[in-house]
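The structure appears below as structure tokens.
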Amino acid sequence: MARWLPRSADLTRFCQKLNRVKTLEDDMMETSFNRCLSTIDLTLLGIGGMVGSGLYVLTGTVAKEIAGPAVIVSFIIAGFASLLAALCYAEFGARVPKTGSAYMFTYVSVGEIWAFLIGWNVLLEYMIGGAAVARAWSGYLDSIFNHKIKNFTETHVGAWQVPFLAHYPDFLAAAILLVATAFISFGAKVSSWLNHVFSAISMGVILFILIMGFILAQPKNWSAQEGGFAPYGLSGIMAGTATCFYAFVGFDVIAASSEEARNPQRAVPRAIAFSLGLATGAYILVSVVLTLMVPWHTLDPDSALADAFYRRGYAWAGFLVAAGSICAMNTVLLSNLFSLPRIVYAMAEDGLFFQVFSRVHPRTQVPVVGIVVFGLLMALLALVFDLEALVQFLSIGTLLAYTFVAASIIVLRFQQQKVDAPAPAAGGRPSPEPREGPSAGELKEYESFSDKLQLVDRDKSKEHREPGQLKAAFEPYLEFLSDFYPGEVVTVAVVTLMVSAICLCSILVFGNTHLHLPTWSYSLLLVLFSLGFLLSLLLIWAHEQQHGTQTFQIPLVPLSPALSILLNIYLMLKLSYMTWLRFAVWLLLGLLVYFGYGIWHSKENLREPRPQRVSARYVVFPSGSLEERVQAVQPSSQPAAGLPDTDTEDCKR
18 MARWLPRSAD LTRFCQKLNR VKTLEDDMME TSFNRCLSTI DLTLLGIGGM VGSGLYVLTG
78 TVAKEIAGPA VIVSFIIAGF ASLLAALCYA EFGARVPKTG SAYMFTYVSV GEIWAFLIGW
138 NVLLEYMIGG AAVARAWSGY LDSIFNHKIK NFTETHVGAW QVPFLAHYPD FLAAAILLVA
198 TAFISFGAKV SSWLNHVFSA ISMGVILFIL IMGFILAQPK NWSAQEGGFA PYGLSGIMAG
258 TATCFYAFVG FDVIAASSEE ARNPQRAVPR AIAFSLGLAT GAYILVSVVL TLMVPWHTLD
318 PDSALADAFY RRGYAWAGFL VAAGSICAMN TVLLSNLFSL PRIVYAMAED GLFFQVFSRV
378 HPRTQVPVVG IVVFGLLMAL LALVFDLEAL VQFLSIGTLL AYTFVAASII VLRFQQQKVD
438 APAPAAGGRP SPEPREGPSA GELKEYESFS DKLQLVDRDK SKEHREPGQL KAAFEPYLEF
498 LSDFYPGEVV TVAVVTLMVS AICLCSILVF GNTHLHLPTW SYSLLLVLFS LGFLLSLLLI
558 WAHEQQHGTQ TFQIPLVPLS PALSILLNIY LMLKLSYMTW LRFAVWLLLG LLVYFGYGIW
618 HSKENLREPR PQRVSARYVV FPSGSLEERV QAVQPSSQPA AGLPDTDTED CKR
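Numbering (our numbering), first residue to last: 18 to 670.
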């Protein structure tokens, strides 16, 4: 039986395959897409993704049922929490101007299997999100015509009473998705122009709502007679924050479009900042006028704004609100259909998904196969499936992507910048030139069977230290960490930080309810896991990070990404167990696709070095001698070519 067990070397190679990172090209501006989008185009795409039907529905629902007029504070906190995640996307979008969003960011810093799972979840998130918005669009339009479309369909087509299927086929929702798919396939410029039109109408309606709302405002609606400003207290504000957080999830369309931006290093960070700021301002101001126009406890959760104008004697304003809502939902549809095929294209281009989706139309310069296939799948979902039970699935996919992008920022910031190895010489052997140019004080590095073997003693007295190395001020206290390869300690600390965050949030969410912990153990566990989180954070901070890059960098690293990780994990644990069950099933399907196709067709397989006869790596110092600490690393049964099977010290001359 023992011979059938995998050897440790095979397991090591297998784990290395799972965690290999993507090698980026020297010229990251080179692309098969059309770089035609400006900062304004990207900003309006982001606004279209965030300011959807939530502005017309979510504000009234949270105000009446969760937070009261303090929904304003909930949106402020949610906007700040979203800013933490948005800044992480902004740094990555500027540094890696390639399509793929969270998938690409995870691939270049964390590892292949994690990137695939993120892309796999984002794929389903966009599909369900687009289909759900199409059904909401259809239902909103149907309500304007007194549900005549629904009644006609049920009479002439029939109604269903099947689990997981809709009560009737929604042909209108499927039709709007097919029309949007056709427009998206014409190219990025056409999609951007269409988004401009709908965004302009939507923002014009929002401006009308704000002006009329402030004219009709009555401050007494916040008075104690009506329940006060925060009738549900702090708990209501925080519960409202968790709900309002999902109103801002559309900004990642900007990162997904970075490969089509003219100047992504500047345009992506600016567009994310502008769109998030404008969206947050719109949500806050609309919440202010809505709760000042009518008492918050009398709001209609389904159509709060239209109902508020109707009750103040301006029934005609309801038609403007309806037009704004439909245009806002159109922009969200375009955002989903714009982003999804590009993420699938990135996965297919890397070999992790079926190669047919990497085809780009030569004239329109868009992944037309992905657009058509996934547009049809969205239309099918909207036509026959009941999406209400699946909508909450959107949250877990988004939050997981945010978590991995924040972790990737920390890992990437404390890594040494990767430099491509020199091309092999004519004889097939790698050139023995130093990686960063010849210099009297530089080290020369030769190939080996292990790219992890770096037996170099750094000069302790050097003031300049590489990213990932221990800071000089902490070396007397943490000297045992200075022997690790730069970035290794930070990677372990990030994993420890995430485990501590999961444990801490689990105690906060389930400690008093499901686990029924006594007070002393609840407090003790909170303290222990909080210390683990803080110590991991301090250990990361004790290492050098990259500085002086030409692109945007998120401030306060590692604190800002760590807070984003903590918040995202907390919100994920607040989701229902059925959401987690569906999530687990979808992950298993993704693993089947990865191990059945992706791992074998990954383009990183082609980049892996071929086995060579040289089985040891030596580091030659400028003096021409080997360091005494260098050990022989070739297996005893396979001595290195040209060298006797002796100790390294016998080879030092």
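Virtual Cβ for every residue (Gly too), placed ideally from N, Cα, C.
Endpoints, alpha helix (DSSP H) assigned at residue i
i    : result
A247 : A247 -> no alpha helix (DSSP H), and no H or E assigned at all.
M346 : 334-366
N163 : It is not in any alpha helix (DSSP H) - N163 carries neither H nor E in the DSSP assignment.
N622 : 621-624
A98  : 88-112
S118 : That residue, S118, is in no alpha helix (DSSP H); it is neither H nor E in DSSP.
I271 : 269-273
Q282 : 281-310
I388 : 385-401
G65  : 56-67
Y73  : 71-79
As assigned by DSSP and simplified to three states, the class of residue i
i    : result
G573 : According to the sequence provided, residue 573 is Leu. The question's Gly does not apply to it. The answer is coil: DSSP assigns L573 none of H, G, I, E or B.
L592 : coil
L182 : strand
F50  : coil
L495 : coil
L233 : coil
A176 : coil
Q33  : helix
R634 : Note that R634 scores a pLDDT of 48, beneath 50, so its modelled location is shaky; the value from the coordinates is reported in the next line. Correct three-state label for R634: coil.
F188 : helix
H533 : coil
H378 : coil
L487 : strand
A149 : helix
A321 : helix
F203 : coil
A418 : helix
A278 : strand
R501 : Here residue 501 is Phe; the residue named in the question, Arg, does not match the sequence. Here F501 sits in coil by DSSP.
H314 : helix
H213 : helix
H560 : strand
Whole-number beta carbon distance between residue j and residue i, since they are thought to touch under 8 Å
i    : j    : result
H7   : K488 : Residue coverage of the chain in this structure runs from 18 to 670, which leaves residue 7 outside it and unanswerable.
I586 : I519 : 6 Å
A199 : A399 : No, A199 and A399 are not in contact; Cβ-Cβ is about 16 Å, not under 8 Å.
Q433 : G504 : 7 Å
V74  : D319 : 7 Å
A284 : A278 : 5 Å
G485 : V507 : 6 Å
T258 : S91  : 5 Å
C-alpha gap between residue i and residue j, whole angstroms
i    : j    : result
I166 : V207 : 30 Å
A107 : G69  : 22 Å
I427 : G136 : 20 Å
M144 : S538 : 43 Å
F569 : R37  : 26 Å
F122 : W131 : 11 Å
G607 : P86  : 43 Å
A153 : T56  : 30 Å
V88  : I254 : 7 Å
F231 : G245 : 19 Å
T40  : P312 : 57 Å
A423 : L584 : 11 Å
D27  : Q33  : 10 Å
A340 : K115 : 35 Å
F612 : F109 : 28 Å
L101 : T170 : 45 Å
F546 : D159 : 51 Å
E142 : L393 : 16 Å
F491 : I201 : 54 Å
T260 : F370 : 33 Å
L5   : K237 : Lying before the first or after the last residue shown, residue 5 is absent from the chain, which here runs from 18 to 670.
S274 : L552 : 37 Å
Short Cβ contact (8 Å threshold) for residue i with residue j
i    : j    : result
I301 : F268 : no
V602 : T415 : no
L140 : I360 : yes
G63  : S342 : no
A183 : V349 : no
G204 : T381 : yes
Residue i beta carbon near the ligand FMN (any heavy atom closer than 7 Å)
i    : result
L416 : Because no ligand of any kind appears in the structure shown, any question about the ligand FMN cannot be addressed here.
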